[in-house]
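The next block holds one structure in the form of structure tokens; read it before the comments.
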Amino acid sequence: MTIEEKIARLQSSAMTEARAQGNAIIWQHKKALMTIYEQHMEEAKRQAEIRIKAEQTNIRHQLNMSASKAQLDMKQELGKTQKRLKKQLFKEVEEILKDYMKTEEYKHLLVEYIENAAKFANGAAMTIYINSTDADIKDYLEEHTGVTVTVSKEDFVGGIRTVVHERNILIDHAFKGAIEREYQKFVFGGGTGIG
């Protein structure tokens with residue numbers, strides 16, 4: 006084998022070994038880069054999931070706040086509407102009551118109240134008050150009951166009030182108090198209790 010052949014063989018062998026070492030270095034470098042890339046991708050994925058969860062939590066929080074605000078606004082609007090309707094309803098009740106107080110039935114009711122109060126007093130001293138709006142039927146009531154009635158200076162809408170002096174008792178059949186009690190108790194069906 007000649008020197009030239011030996012050099013060629015040595016050169017070929019060195020080149021093969023250099024290529025193998027280079028390929029090994031490239032493969033190790035590629036493997037290291039792939040590991041770094043995978044770690045980076047996992048980290049990026051984890052960060053993205055954290056951001057997504059944070060945004061979902063934020064959106065849920067905003068939705069809950071919006072829903073709560075809308076619900077509160079609706080309750081307030083419902084309350085205002087119910088108050089307005091309640092006032093309107095009780096104005097209508099007062100108008101119906103005024104019409105009722107012009108009837109014969111109302112006169113008979115007052116006579117019944119006065120007779121019951123007299124029975125309750127059982128001869129004890131008493132004062133029976135009628136409302137000033139009923140002053141025009143004072144004579145009628147006295148004639149039909151045989152009891153003296155007094156026109157009250159206080160407006161209690163209608164009905165009667167009786168004071169039994171000896172027992173210090175007030176018998177209250179006044180419409181004003183009854184209407185006020187009903188107004189306080191009244192709640193629309195479906196019952197939010199707003200009134």
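In this text, residue positions in the sequence shown follow the working numbering: the first is 6, and each later residue adds one.
Where is the CB? At the ideal position from N, CA and C, for every residue including glycine.
Give me the Cα-Cα distance between G200 and A59, rounded to the nearest whole angstrom.
-> Because G200 carries a pLDDT of 48, less than 50, the predicted location of this residue cannot be relied on, and the following value inherits that uncertainty. A direct Cα-Cα distance of roughly 42 Å separates G200 from A59.
Residue(s) in a DSSP beta bridge with T155 = Looking at the DSSP assignment, T155 forms a beta bridge with Y134.
Report yes if the CB atom of I176 is closer than 8 Å to the CB atom of A123, and no otherwise.
-> No, they are not a contact pair.
Cβ-based neighbour list, T150, same chain, cut-off 8 Å, excluding 5 preceding and 5 following | The beta carbon of T150 sits closer than 8 Å to those of V116, I119, E120, A123, all from its chain and outside the five residues before and after it, given in chain order.
Would you mind reading off the limits of the beta strand (DSSP E) that contains D144?
-> No beta strand (DSSP E) contains D144, which is instead part of the alpha helix (DSSP H) from 143-150.
C-alpha distance - G194 paired with I133, whole-angstrom precision = For G194 and I133, the distance between alpha carbons rounds to 38 Å.
Where D78 falls: helix, strand or coil (DSSP) = Note: D78 maps to helix in three-state DSSP.
How many whole angstroms separate the CB atoms of A140 and F161, which I take to be in contact at a CB cut-off of 8 Å?
-> Contact between A140 and F161 does not hold, since their C-beta atoms are separated by about 13 Å, which reaches or exceeds 8 Å.
Residues bridged to L175 [DSSP beta-bridge criterion] = DSSP links L175 through a beta bridge to V168.
With a 10 Å radius around its C-beta and 16 neighbouring C-beta atoms as the bar for buried, classify T167 as buried or exposed.
-> T167 should be labelled buried.
On the three-state DSSP scale, how would you describe T21?
-> Shown here, T21 sits in a helix according to DSSP, grouped into three states.
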